[in-house]
Structure formats: C-alpha cells, structure tokens
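Quick notes on the structure that follows.
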Amino acid sequence: MTGYDHPIGRFTIGPRAGGNYSNTKIGNFTENGSTGVELTYDDQWINSLQSVLGVQGSAAFSTGLGILVSQVNADYIHEFANSQRFIHVQFAEDLRATPTKFTFQNDVPVRNYFNLGTGFIMVLPHGWQPFVNFRAMVGNNQFDNYAGTFGIRIEL
Numbered sequence: 063m064t065g066y067d068h069p070i071g072r073f074t075i076g077p078r079a080g081g082n083y084s085n086t087k088i089g090n091f092t093e094n095g096s097t098g099v100e101l102t103y104d105d106q107w108i109n110s111l112q113s114v115l116g117v118q119g120s121a122a123f124s125t126g127l128g129i130l131v132s133q134v135n136a137d138y139i140h141e142f143a144n145s146q147r148f149i150h151v152q153f154a155e156d157l158r159a160t161p162t163k164f165t166f167q168n169d170v171p172v173r174n175y176f177n178l179g180t181g182f183i184m185v186l187p188h189g190w191q192p193f194v195n196f197r198a199m200v201g202n203n204q205f206d207n208y209a210g211t212f213g214i215r216i217e218l
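For the sequence shown, counting from 1, position 151 maps to 213 in this note's numbering; every step adds exactly one.
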C-alpha cells in the first residue's frame, strides 16, 4: 500500500493505493466422524488478485491531558482473479479402486466491497499512548467481517 499525506492545519488527508495477491493451496483432506457420510476432498487452489483504492484522514486535538488523534479510512477493494471453482469430493468410506466422485461449485466471489475504519489514540505525558480502532467490511453479501483493537503503547 502506498499513499501521500497532505497536512491542512490540524487535519491530515491522503489517498492510498495498493494491491494484494495470494496463491493458496488447500491440500486434500478427509472429514472426521463415524456417520459413514464423511467426505474426502481433493486438492484446491485459490488465486486472488485485488486492487485497493482508498483515503485516510486524521485530526489532532490538544487537550489538558495530552493530544487526541482521531482517524478514519475507507478502502474500495476489487477482486480480479478469484473465481468460482469446482470442488471434487468422494465418500471417505468408498474404498473401491474407482470410487464415485462428486463435483460441486463454491459461491461466486464478491468482486467489489469496502473496508471502513475509525480509531483514536491519545498521546499522554511520559510516553503513554492508549488507543482503540474498529474496522468493518461492508458491501460483501457473503459474509460480515468486523475487527477491533485496543491497547496502550508505553515508551521504553
């Protein structure tokens, strides 16, 4: 990810651009259980190439306790490579020389969605910096994704 921040008084705003690439192999595996309908999955490959365009802004406010910095960001993600794929399985208990294979498809991946985030950090005397951040994926109709962090940094 790359970008450039433009300071405007107590505010800072900057565009962001970047990309993500992953090539994932899921090795063959067999489900555990004792029902007799457990499946054995063949190897799967997942390729993903994403572009990320966004903007980040922050504002600093001096208070009696220290400096409060608030931050917001928004990223648009577009998926280029990940596609619907065929998944091949067989019953784990089908031990014949040529077992019956079944094929099904996963869901079509979502091509466009957004990541939105906000956070605060307080710069206190003696190098103490408590912070909190929240991030949400929006516009992806296949699943929801929320993440939050909080903590304190201490100058050593």
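Backbone N, C-alpha and C fix where the C-beta goes; we use that ideal spot for every residue, glycine too.
Reduced DSSP secondary structure (H/G/I, E/B, other) of residue i
i	result
Pro-161	coil
Pro-171	coil
Gly-81	strand
Gly-71	coil
Gly-126	coil
Gly-181	strand
Gly-189	helix
Asn-135	strand
Arg-215	strand
Thr-97	coil
Gln-118	strand
Beta-bridge partners of residue i, as assigned by DSSP
i	result
Arg-197	Gly-179, Ala-209
Asp-105	Asp-105 is not bridged to any residue.
Whether residue i touches residue j by CB criterion (8 Å)
i	j	result
Asp-137	Arg-78	yes
Asn-144	Ser-113	no
Pro-81	Asp-67	Here residue 81 is Gly; the residue named in the question, Pro, does not match the sequence. Taking 8 Å as the Cβ cut-off, Gly-81 and Asp-67 do not qualify as a contacting pair.
Thr-86	Ile-70	no
The stretch 84 to 92 / the stretch 128 to 136 touching (three or more Cβ pairs under 8 Å): no
The stretch 131 to 148 contacting the stretch 168 to 182, beta-carbon criterion three pairs below 8 Å: yes
contact_flag[the stretch 149 to 163, the stretch 99 to 112] where n(CB pairs < 8 Å) is 3 or more: yes
Segment contact, 8 Å Cβ cut-off, at least three pairs: the stretch 159 to 166 with the stretch 202 to 218: no
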